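Written out below as structure tokens is the structure these notes cover.
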Amino acid sequence: MVLSLAKQKLINKVVVCENSAKKLANIPNIDIYVVKDLNGAIEFLKSNLKDEYLYKKEFPLYKTLEINGEKYFYDTKYVEDFSDVLGQDMAKYAAMICAAGNHNFIMEGSPGCGKSMISKRLQYILSPMSLEEILEKAKLQALDFKDIDFSPIRAFRNPHHTATKSSILGGTNSKMGEVALSNNGVLFFDDLPHFPNNILEALREPLEDNKILISRVNSKVLYETKFIFVAALNPCPCGNLLSSVKECRCSEVEIQRYKNRLSEPFLDRIDLYLVMNDSFNDNKNIVSSTELHQNVIKAFIKQKSRGQKELNGKLSDEDIKKYCLLDDESSEVLEKARLNYSFSFRSINKVLKVARTIADLNNNDIITKSDLLKSLNFRRR
1 MVLSLAKQKL INKVVVCENS AKKLANIPNI DIYVVKDLNG AIEFLKSNLK DEYLYKKEFP
61 LYKTLEINGE KYFYDTKYVE DFSDVLGQDM AKYAAMICAA GNHNFIMEGS PGCGKSMISK
121 RLQYILSPMS LEEILEKAKL QALDFKDIDF SPIRAFRNPH HTATKSSILG GTNSKMGEVA
181 LSNNGVLFFD DLPHFPNNIL EALREPLEDN KILISRVNSK VLYETKFIFV AALNPCPCGN
241 LLSSVKECRC SEVEIQRYKN RLSEPFLDRI DLYLVMNDSF NDNKNIVSST ELHQNVIKAF
301 IKQKSRGQKE LNGKLSDEDI KKYCLLDDES SEVLEKARLN YSFSFRSINK VLKVARTIAD
361 LNNNDIITKS DLLKSLNFRR R
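So, in structure tokens, the structure goes:
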């Protein structure tokens, strides 16, 4: 209740018992007054010395940004660092694009090539959080009976492929699903093709509309689902199809059956699709989370300074026309790609959104030919 009211800026003071004060201590926009019991609350209301009841709050020092009058917070402590990932420069670049624009991202590669390592490090380089987003994260943690965390690090949810449909999407009981609990954060599916088809197909709605309607016994509940979907998969059932050292044991039929578990409409909703090799020869170029995060923040500032409510990956069709502007050369390239690859309307919009983020990372106001070509390289064809 307190978190919801604080998020809506409907309260700036609250009277609670000491145990509750400790849990709510890091809500930055409210004053907390502590009383022992109901009689203490009555005494507090009568008192002219209310500061004596004020709970002393100690805030962690986070970095802040102010853009167009709005404050954003971020942390520069990286629990897991991208410098641990050997090689895979293109995957790190794709992860930076994913983080900078909130783009859905799939990595395909043999076991051990770094897919899971990259995914787990992603949450620490995501864009800064508004106070509203921090309070929303805390509220979701409370609803999930988890310890409340007011840090500006976005949620990372990684359900197992044996999880039920209701645990991922939400069901007839009051418990929220993973898609709602990962709002404004990351929803990670490892071994993507092993998830049941009915779950993957049901994800199409929240991936497309950023919301999901759950039918309960006597009601319907609409949840916001502005998560970044990230997934990892092997190239074949045995995993060795792209390996440079191990031989694939799968037949063509088995490989095709494995890949057919992911439908075209589902894959059409993915912004970035990257096939990774298992070569680590390029590991001299070590890229740290600090470096990647700095670039993400620069792109974030550029997007918010344009007046965007949503980051590039979540732009509406109307916003795409407004913000994803092309120069003449890039317009020609996009039209040729549309004809050559029979891109759907959705695919074109995905290409434009990713190109807009690449342009922001390159500090380009208009999407150039180079920005667009890089975006097309990440489109699954």
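End of the sequence shown sits at 381 in full-length UniProt numbering; the numbers just go up one at a time, nothing left out.
Cβ coordinates follow ideal geometry from the N, Cα and C atoms, glycine included.
If you're wondering where the values come from, they're calculated on a predicted model, not measured in any experiment.
The beta strand (DSSP E) that contains residue i, what's its start and end?
i: Ser370; result: Note, Ser370: premise wrong, no beta strand (DSSP E); alpha helix (DSSP H) at 369-377.
i: Ser119; result: Not the beta strand (DSSP E): Ser119 falls in the alpha helix (DSSP H), residues 115-122.
i: Glu224; result: 220-224
i: Met107; result: 105-108
i: Phe188; result: 186-189
i: Leu334; result: Run containing Leu334: none in the beta strand (DSSP E); it sits in the alpha helix (DSSP H), 328-341.
i: Leu274; result: 272-275
i: Ser215; result: 211-215
i: Tyr74; result: 70-74
i: Glu178; result: Run containing Glu178: none in the beta strand (DSSP E); it sits in the alpha helix (DSSP H), 178-181.
i: Ala163; result: First-last for Ala163: undefined, no H or E at that position.
i: Phe229; result: 228-233
i: Leu65; result: 63-67
i: Lys13; result: 13-16
To which residues of the same chain is residue i closer than 7 Å at the C-beta, ignoring the five residues directly before and after it?
i: Ser288; result: Asp81, Phe82, Ser83
i: Tyr341; result: Arg381
i: Leu222; result: Lys211, Leu213
i: Leu54; result: Asp31, Tyr33
i: Lys314; result: Asn102, Asn210, Lys226
i: Leu352; result: Ile320, Cys324
If you compare alpha carbons, which of the options is closest to residue i?
i: Asn102; options: Ile297, Ser219, Asn285; result: Ile297
i: Arg269; options: Arg381, Asp328, Glu133; result: Arg381
i: Phe189; options: Arg216, Asn183, Ala163, Pro206; result: Ala163
i: Asn183; options: Ile212, Arg204, His194, Phe195; result: Ile212
i: Glu208; options: Val179, Phe195, Pro196; result: Val179
i: Asn377; options: Ser342, Leu339, Ala138, Val275; result: Val275
i: Asn39; options: Phe300, Arg338, Val16; result: Val16
i: Lys210; options: Asn197, Thr225, Ser219; result: The identity of residue 210 in the sequence shown is Asn, whereas the question assumes Lys. The residue with the shortest Cα to Cα distance from Asn210 is Thr225.
i: Arg110; options: Leu140, Leu325, Ser243, Ala337; result: Inspection of the sequence shows that residue 110 is occupied by Ser rather than by Arg. Among Leu140, Leu325, Ser243, Ala337, the Cα nearest to that of Ser110 belongs to Ser243.
i: Ile301; options: Lys246, Leu361, Tyr62; result: Leu361
i: Ala95; options: Leu187, Leu292, Gly313; result: Leu292
i: Lys309; options: Asn363, Leu203, Ser331, Met129; result: Met129
i: His160; options: Lys137, Glu252, Lys46, His194; result: His194
i: Ser151; options: Met176, Arg157, Leu131; result: Leu131
i: Arg306; options: Lys220, Glu18, Ile67; result: Ile67
i: Gly112; options: Asn363, Lys246, Leu339, Phe345; result: Lys246
i: Lys77; options: Lys71, Lys63, Cys248, Met107; result: Lys63
i: Lys322; options: Phe343, Phe73, Asp365, Glu264; result: Asp365
i: Gly185; options: Arg338, Ile134, Arg204, Leu339; result: Ile134
i: Lys137; options: Gln123, Lys46, Ala155; result: Ala155
i: Thr357; options: Leu187, Cys98, Ser166, Glu252; result: Cys98
Going by DSSP, what residue range makes up the alpha helix (DSSP H) through residue i?
i: Thr357; result: 345-361
i: Asp31; result: Counting along the chain, Asp31 falls outside any alpha helix (DSSP H), though it belongs to the beta strand (DSSP E) covering 31-34.
i: Ala138; result: 131-143
i: Ala95; result: 89-101
i: Glu291; result: 289-305
i: Phe82; result: Taken as a continuous stretch (DSSP letters only), Phe82 belongs to no alpha helix (DSSP H), as it is neither H nor E.
i: Val253; result: 252-259
i: Phe195; result: No alpha helix (DSSP H) contains Phe195, which DSSP labels as neither H nor E.
i: Ile320; result: 317-323
i: Glu264; result: 264-267
Once you ignore the five residues that flank residue i on each side, which residues in its own chain have a CB closer than 6 Å to its CB?
i: Leu192; result: Ala231, Leu233
i: Ala355; result: Ile367, Asp371, Leu372, Ser375
i: Leu326; result: Ile367
i: Lys13; result: Asp31
i: Ala299; result: Ala100, Asp360, Leu361
Taking only beta-carbon positions, decide if residue i is within less than 9 Å of chain C.
i: Arg338; result: No chain C appears in this structure, which consists of one protein chain only.
How many whole angstroms separate the CB atoms of residue i and residue j, which I take to be in contact at a CB cut-off of 8 Å?
i: Ala359; j: Ile348; result: So it is not a contact: roughly 16 Å between Cβ atoms.
i: Ile153; j: Asp75; result: 6 Å
i: Lys350; j: Asp271; result: 5 Å
i: Phe266; j: Glu201; result: 7 Å
i: Gln303; j: Asn295; result: Gln303 to Asn295, Cβ: 13 Å. No contact.
i: Tyr72; j: Leu65; result: 4 Å
Can you list, in chain order, the residues of its chain whose CB lies under 8 Å from that of residue i, leaving out five sequence neighbours each side?
i: Glu329; result: Thr368, Lys369
i: Glu254; result: Cys236, Pro237
i: Asn363; result: Lys298, Lys302
i: Val249; result: In the sequence as displayed, the identity of residue 249 is Arg instead of Val. Correct list, in chain order: Cys238, Asn240.
Does the region 250-269 come into contact with the region 310-321, if we say contact requires no fewer than three beta-carbon pairs (one atom in each stretch) closer than 8 Å? Here the region 250-269 does not lie against the region 310-321, with fewer than 3 beta-carbon pairs under 8 Å apart.
If contact is defined by three or more beta carbon pairs under 8 Å, each pair taking one atom from either stretch, is the region 83-97 in contact with the region 110-121? yes
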